[in-house]
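Take the sequence shown: its position 110, counting from 1, is numbered 109 in numbering that gives the first Met the number 0, and each next residue is one higher.
Just so you know, even glycine gets a beta-carbon here, dropped at the ideal spot from N, CA and C.
Please read these numbers as outputs of a predicted model, since none were measured by experiment.
Have a look at the structure below, then the notes.
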Amino acid sequence: MRTEILRADSGDLLKICERAAAVWEAGGLVAFPTETVYGLGADGLSETAASRIYAAKNRPSDNPLILHIGRKEDLAPLVRVVPGSAEKLMDAFWPGPLTMVLPKADIVPFETTGGLSTVAVRMPSHPVANALLKSTRVPIAAPSANLSGRPSPTRAAHVIEDMDGRIDLIVDGGDVGIGLESTIVDLSGEIPVLLRPGYITREMLSEVLGEVLMDPAVTKDAIIHRVEVSGTPKAPGMKYRHYAPKAPLTVVYGDPVRTAERISSLADERTAVIAPEEHIHLYTRGHVLPMGRLSDPESVARDLYDVLRTCDAINASRIYAEDFTEADMGGAVMNRLLKAAGGNYVSEEELNRGGCGK
Ligand code: TXA
Ligand code: MG
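Below you can see the structure in the form of structure tokens.
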């Protein structure tokens with residue numbers, strides 16, 4: 000299949016919207032930018048279109064998709080009820096990087112929800128995503144536009160790397176703003192549960208809703224100790240080894256100067272080292288990749304997936320990453336980084352003793 004690539008800044012967004020809508024109506028696949036990561040969209044009410052997404056990504060079909068809508072009023076037909084909690088969150092955070100899980104209406108096929116009786120819905124704020132979604136009559140099922148197991152795409156070049164020849168159209172909207180997938184909150188039970196941390200933090204949700212629980216499977220402890228907390232995580236996607244670079248990755252915590260010394264002493268030219276810009280000068284060996292600034296957790300989020308892809312591109316055989324703050328959206332950054340590391344999290348002293356985690 001030949002993949003068409005259209006640049007959204009070429010001025011003719013209307014034409015691009017018409018083209019995307021035509022592809023979607025024919026059951027095809029269109030990758031497009033959102034404020035979080037690039038999505039791989041198809042008609043979310045069509046079983047065959049959903050199955051094409053799974054095939055293009057090599058994604059297990061029990062991993063449900065998020066439906067993307069262009070208007071708040073598009074939510075009601077997709078769910079059994081719109082609870083007061085959802086109304087409040089829509090007012091506070093939509094359009095924006097928040098996905099809500101609610102009991103699904105009958106029109107949403109089980110192919111889209113991975114067999115679940117709930118459905119995940121979000122309304123992106125990215126102007127290109129919003130225009131595309133408004134130009135079509137159906138909700139668009141869109142996972143991140145990467146091959147399953149690869150880091151999510153934060154720029155069109157990443158999408159082209161993974162999807163060229165596998166999908167109909169890629170809309171190039173430049174680099175995304177946030178760089179991590181949306182926050183997911185489950186509103187189908189009595190108390191809201193945070194299923195995936197993101198730009199909208201648990202504290203921000205609590206300010207609107209009061210008590211918000213955290214799915215035990217997404218806590219730092221669960222990822223590090225790889226504990227089976229309460230059976231499977233509630234967001235099925237969180238059980239897969241996600242966001243993974245090809246080489247083994249270890250996250251190292253402790254005093255920055257000693258951390259840099261120890262990593263430098265172990266590194267060779269095929270070792271990738273991930274550190275904030277402020278610490279780059281502390282390293283004497285290895286292929287050092289800056290990942291945002293300590294003073295700005297959002298810059299770290301924006302760089303994370305690109306840096307993980309660079310580790311593959313330079314053919315790293317070993318990767319060490321510094322520990323990053325968990326303040327604000329740092330919690331979501333560490334969630335993704337530790338998952339990419341498969342839970343390998345060691346202190347600089349332990350690293351010196353030859354330990355590199357599990
Ligand atoms: O920011 C985002 O959400 C991006 C952009 C493209 O919008 N999309 C995205 O989709 O991250 P994906 O497919 O990579 O991740 C969807 C996550 C998975 O972890 C999946 O298990 C969870 O959402 N999910 C979807 N439907 C669910 C449901 N009914 N109940 C619980 N979790 C659900
Ligand atoms: Mg994904």
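_the stretch 305 to 324 touching the stretch 182 to 197, judged by at least three CB pairs closer than 8 Å_ = no
*Once you ignore the five residues that flank P296 on each side, which residues in its own chain have a CB closer than 7 Å to its CB?*
By one-based count along the sequence shown, residue 296 stands at place 297. Excluding positions up to five away in sequence, the list reads T324, A326, D327, M328, G329 and V332.
_Per-residue DSSP class, three states only, for F92_ = One-based indexing of the sequence shown puts residue 92 at position 93. In this structure, F92 counts as helix in the three-state DSSP scheme.
*asked:* On a Cα-Cα basis, can you pick out the residue from G176, A320 and F31 that is closest to A19?
replied: Indexing the sequence shown from 1 puts residue 19 at position 20. Measuring from the Cα of A19, the nearest candidate turns out to be F31.
_For E34 and A128, what's the separation of their Cα atoms in angstroms?_
One-based indexing of the sequence shown puts residue 34 at position 35. One-based indexing of the sequence shown puts residue 128 at position 129. Between E34 and A128, the C-alpha separation is close to 8 Å.
*Quick one, are the C-beta atoms of P150 and Y344 less than 8 Å apart?*
If you number the sequence shown from 1, residue 150 lands on position 151. If you number the sequence shown from 1, residue 344 lands on position 345. Not a contact, by the Cβ cut-off of 8 Å.
*Does the Cβ of E34 lie closer than 7 Å to at least one heavy atom of the ligand NAP?*
Among the ligands in the structure shown, the ligand NAP does not appear; only the ligand TXA and the ligand MG can be found there.
*asked:* Just to confirm the assignment: which complete alpha helix (DSSP H) runs, minimum length 4, are found wholly within the stretch 269 to 300?
replied: none
*Would you kindly check if the distance between the Cβ of L248 and the Cβ of A320 is under 8 Å?*
Numbered from its first residue, the sequence shown carries residue 320 at position 321. Numbered from its first residue, the sequence shown carries residue 248 at position 249. Yes, Cβ-Cβ distance for A320 and L248 is below 8 Å.
*Please classify I183: is it buried, with 16 or more other beta-carbons within 10 angstroms of its beta-carbon, or exposed?*
Along the sequence shown, one-based indexing puts residue 183 at 184. Under this definition I183 is a buried residue.
*Could you tell me if P76 is buried or exposed, where buried requires 16 or more neighbouring beta carbons within 10 angstroms of its beta carbon?*
Residue mapping note: residue 76 aligns to position 77 of the sequence shown, counting from 1. Per the 10 Å Cβ criterion, exposed.
*Quick one: what's got a C-beta closer than 7 Å to R335's C-beta in the same chain, skipping five residues either side?*
Stepping through the sequence shown from its first residue, residue 335 is reached at position 336. Taken in chain order, the residues that qualify are L179, Y242 and L303.
*First and last residue of the alpha helix (DSSP H) that includes T249?*
Indexing the sequence shown from 1 puts residue 249 at position 250. No alpha helix (DSSP H) holds T249; the beta strand (DSSP E) holding it covers L248 to Y252.
*Taking all protein chains shown into account, do 16 or more other C-beta atoms lie within 10 angstroms of the C-beta of H67, making it buried, or fewer, making it exposed?*
For the purposes of this step, residue 67 is taken as residue 68 along the sequence shown, with counting starting at 1. Per the 10 Å Cβ criterion, buried.
*asked:* Does the structure place the stretch 129 to 149 close enough to the stretch 50 to 65 that three or more beta carbon pairs sit under 8 Å?
replied: yes
*Hey, quick one: how far does the beta strand (DSSP E) through T324 stretch, first residue to last?*
As a first step, residue 324 must be located in the sequence shown, where it is residue number 325. T324 -> no beta strand (DSSP E), and no H or E assigned at all.
*asked:* For the ligand TXA, I want to know if R121 counts as a neighbour, meaning its beta carbon is within less than 7 Å of at least one of the ligand's heavy atoms.
replied: Taking the first residue of the sequence shown as 1, we reach residue 121 at position 122. Checking the Cβ of R121 against the ligand TXA gives yes.
*Return the Cβ separation of V306 and L293 in integer angstroms, given the expectation that the two are a contact with Cβ distance under 8 Å.*
Within the sequence shown, residue 306 is the residue found at index 307, counting from 1. Within the sequence shown, residue 293 is the residue found at index 294, counting from 1. About 15 Å; that fails the 8 Å criterion.
_Bridge-paired residues (DSSP) for H67_ = Indexing the sequence shown from 1 puts residue 67 at position 68. The partner list for H67 (beta bridge, DSSP) reads R121 and I139.
*Helix, strand or coil at D217 according to DSSP, with G and I counted as helix*: Reading the sequence shown from its first residue, position 218 is the one you call residue 217. Before going further, note that residue 217 is Val rather than Asp in the sequence given. Correct three-state label for V217: helix.
*With I199 and L74 assumed to form a contact (beta carbons below 8 Å), what rounded beta-carbon distance in angstroms separates them?*
Locating residue 199 in the sequence shown gives position 200, counting from the first residue. Locating residue 74 in the sequence shown gives position 75, counting from the first residue. Incorrect: roughly 17 Å between the Cβ atoms, too far for contact.
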